[in-house]
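Count along the sequence shown starting at 1, add 6, and that's the number in the numbering used here.
Cβ atoms here follow ideal geometry from the backbone N, Cα and C, with glycine treated the same way.
To start, the structure itself, in structure tokens.
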Amino acid sequence: MIFNEGDIAYFVEHCQSVRTVQIVKREGDMYLVKISPKTGFMIRHTKLYPTKEEAEKHIIPLGNIDKERRRGYRSPYDYEF
């Protein structure tokens, strides 16, 4: 979906909560969004949703992240000997 300047959009923060943002500017597939009067950042268009309900569908409960999908640091206890 393409957003225009001044539109309200939603994104999922840290896979846990939905935040409301205001679109400031579009550059290619990136949007400059504003959270508060002094805080803004760039975000891809695929991470923005037009409604809060649609964004809530992408929240991942903490207990549902399995070890096979986990990336990054692996504890020695994750390996079987």
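Between which two residues does the beta strand (DSSP E) harbouring residue i extend?
i   : result
K58 : Careful: K58 lies outside any beta strand (DSSP E), inside the alpha helix (DSSP H) at 58 to 62.
E33 : 23 to 33
S42 : 36 to 42
For residue i and residue j, what's the separation of their Cα atoms in angstroms?
i   : j   : result
E11 : D35 : 14 Å
R32 : Q22 : 26 Å
D13 : R80 : 41 Å
Given a cut-off of 7 Å on the beta-carbon distance, is the pair residue i and residue j in contact?
i   : j   : result
I92 : F9  : The chain is shown from 7 up to 87; residue 92 falls before or after that span and cannot be answered.
L38 : G46 : yes
V24 : A61 : yes
What distance in whole Å lies between the Cβ atoms of residue j and residue i, which are believed to be in contact at a cut-off of 8 Å?
i   : j   : result
V18 : I65 : 6 Å
K58 : Y16 : 5 Å
Name the one or two DSSP bridge partners that residue i has.
i   : result
I14 : Q28
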